[in-house]
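Let me begin by presenting the structure, written as C-alpha cells, before commenting on it.
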C-alpha cells in the first residue's frame, strides 16, 4: 500500500496543515476587516480663575472610550447591517458630585463656567449598543437600541469639545448628557443634492444616571418621558464640495414632566427649535482638504416653555483652518449669548434673598467670548486648550449664592487615540 500524504483525506478534499493555516489566516483577516475596534483616552482639566460663588477651584474629568463596530454584511451576510457597541469609563475624576451646587458646577455658578465639566458620578456608562441598517442604496439609515441623540443629530459644531455646550439642549430637550445612552431609534434619508431628513425618539431617564446603573438598567419604567426630534439638514464634506458646509434645523418635543421653579407646579411637555451650521468661506491648496482656510459657524436655540431655565441661546464664531502652517490644526474664536427665562430669574432672586438676605437682581442676559484651538501634536495625540471670559454670569448651578462677578475659566482637553497607537 502506498503511504498517504500527510493530512486528512475525504472524497474530493485534502486538508493539510498548510491549508488549515491558510484558512485560519483568511478567516482572521476577514474578521479583522469586518470588526473595527476603537480605544481612546480623553482627559479634561478645568480651572476657575475668578468667577462664581467660590472661585479658584480646579476639576478634572477623564474618559476612556472603548468601542467596537461590526459589519454584519461581512460577518453574517446580512446586507447593509452593522452593530455598534461603546462603553465609557470615567477615571481621574475630581470635582464631580451630586448635588451639583456642592461640586465644581456649583462653585463656578453660571452655566457657561460650569457646563464644560462632565459631572460623571459613576465609574462608567454604556454609551451605545445599536443595530444599524442601511437600505435603498444606502440612502436610508436606521439605528435602534441604546444610544444618545447627540450621536445622531448635529449638536456639536464648535471644532472643540470643551465648551460646545447648548443650554437649551442640555436643560429643555430631555436628552441625557453625552455619553449616556438610553433606549431610542433614529432614521435619516439622504437625497442626492446633499439634503437630508431625519427624526428620532429617545427615552429620557435621568434616574439611571442618579442611581449609578452604569447603563445596564434597561427598564424604562422610571423614565420621565421621551424626547422626539425631527429636522432637515444639508451637508457636504471637502471630498464633495471644496467649500464644505453643514446646516441643520431641528424641532423637539419633550414629553417629560416640567416643574415650575417658582411654585413647584407640574406640567407635561416642552417644545423648542435647534439650529446649527458651519460654512467654509475661503480656502488655499489644491488637495481636497485645504492647507489653510476660513470657516464661520453658529447656533441658535429656542425654548417655547416659560418653565425652562433658558429661553434662548445664540452663538457665532470663526475658525482658522491650518494656522501657523499646520493643516491639521484649527484656531477658533466665538461669542455666545444666553437669556434666562423670566421665571428662572425670579426664582434665583427669591432663593438668594432667603439664603443671604440680599435683594439682588438677577441679570437675564449672559454672554461670553472664547478662544480655543485644536492642536494635532502627533498622529494619535491632540490638545485642545481653551479660555473663556464670562460677562454677567447667572447663578444657574447655585441659585442661593450672591450674584457672581465677571470672570474667566481656562481648560485643557487631552485626547489620545490609544487604539490607533496599538494598531487596532
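Numbering (mature numbering (1 follows the signal peptide of the UniProt record, and there is no 0)), first residue to last: -31 to -1, 1 to 393. From the three backbone atoms N, C-alpha and C, an ideal C-beta is built for every residue, glycine too.
Endpoints, alpha helix (DSSP H) assigned at residue i
i           : result
residue 141 : 136 to 141
residue 389 : 387 to 390
residue 76  : 73 to 77
residue 216 : That residue, residue 216, is in no alpha helix (DSSP H); its beta strand (DSSP E) goes 214 to 228.
residue 176 : 176 to 179
residue 82  : 80 to 83
residue 257 : Unbroken run through residue 257: none, as it is neither H nor E.
Spatial neighbours of residue i in its chain, beta-carbon cut-off 6 Å, leaving aside the 5 residues before and after
i           : result
residue 243 : 219 and 270
residue 177 : 186
residue 64  : 28, 72 and 73
residue 263 : 250 and 251
residue 368 : 317 and 320
residue -27 : Note on residue -27: pLDDT 40, under 50, position unreliable in the model; no value is reported.
residue 125 : 133
residue 174 : 151 and 192
residue -8  : The predicted position of residue -8 is uncertain, since its pLDDT is 48 and thus under 50; a value taken from the coordinates is nonetheless stated next. There are no such residues.
residue 289 : 300
residue 180 : none
residue 336 : 306 and 360
Coarse secondary structure for residue i, derived from DSSP in three states
i           : result
residue 95  : strand
residue 293 : helix
residue 122 : coil
residue 275 : coil
residue 145 : coil
residue 70  : helix
residue 243 : strand
residue 105 : coil
residue 44  : helix
residue 432 : Past the edges of the chain, shown from -31 to 393, lies residue 432, and the structure says nothing about it.
residue 190 : helix
residue 90  : coil
residue 132 : coil
residue 399 : Any question about residue 399 goes unanswered here, given that the chain covers just -31 to 393.
residue 286 : strand
residue 374 : coil
residue 299 : strand
residue 267 : strand
residue 56  : strand
residue 208 : coil
residue 238 : strand
Extent of the continuous beta strand (DSSP E) to which residue i belongs
i           : result
residue 173 : 164 to 173
residue 9   : 4 to 17
residue 155 : 151 to 159
residue 40  : 27 to 40
residue 196 : 194 to 205
residue 63  : Taken as a continuous stretch (DSSP letters only), residue 63 belongs to no beta strand (DSSP E), as it is neither H nor E.
residue 114 : 109 to 116
Nearest residue (CA-CA) to residue i, options the options
i           : options               : result
residue 45  : 306, 190, 3 and 198   : 3
residue 363 : 11, 7 and 21          : 21
residue 210 : 388, 13 and 251       : 251
residue 143 : 171, 106 and 281      : 171
residue 141 : 275, 350 and 89       : 275
residue 86  : 75, 6 and 342         : 75
residue 404 : 291, 113, 109 and 49  : This structure gives no information on residue 404, because the portion of the chain shown stretches from -31 to 393.
residue 466 : 392, 196, 77 and 33   : In the structure displayed, the chain extends from -31 to 393; residue 466 sits before or after that span and is not available.
residue 59  : 163, 295 and 148      : 148
residue 215 : 69, 365, 345 and 127  : 127
residue 156 : 391, 198 and 180      : 198
residue 306 : 94, 103 and 81        : 81
residue 415 : 322, 57 and 9         : Residue 415 cannot be examined here, being either before or after the span of the chain that is shown, -31 to 393.
residue 309 : 365, 121 and 69       : 365
residue 379 : 340, 266 and 158      : 340
residue 237 : 248, 245 and 222      : 222
residue 257 : 267, 277, 205 and 345 : 205
residue 291 : 139, 304 and 259      : 259
Spatial neighbours of residue i in its chain, beta-carbon cut-off 7 Å, leaving aside the 5 residues before and after
i           : result
residue 315 : 231
residue 200 : 167, 217, 218, 219 and 220
residue 374 : 20
residue 89  : 30, 59, 62 and 65
residue 40  : 3 and 51
residue 343 : 128, 129, 298, 299, 351 and 353
residue 120 : 97
residue 195 : 170, 171, 172, 173 and 224
Contact set for residue i: own chain, Cβ-Cβ below 8 Å, skip 5 residues either direction
i           : result
residue 377 : 18, 19, 20, 356, 357, 358 and 359
residue -20 : Confidence is the limiting factor: at residue -20 the pLDDT is only 41, short of 50, which leaves the residue's position unreliable, though a coordinate-based value still follows. There are no such residues.
residue 137 : 241, 243, 270, 271, 272, 277, 279, 281 and 282
Beta carbon proximity, residue i to chain C, threshold 8 Å
i          : result
residue 67 : No chain C is part of this structure, which consists of one protein chain only.
Any non-hydrogen atom of the ligand HEM closer than 7 Å to residue i Cβ
i           : result
residue 280 : For the ligand HEM, the structure offers nothing, since it holds no ligand at all.
Problem - alpha helix (DSSP H) segments (min. 4 residues) lying fully within the stretch 301 to 372 - result: List check, alpha helix (DSSP H) in window: 311 to 325.
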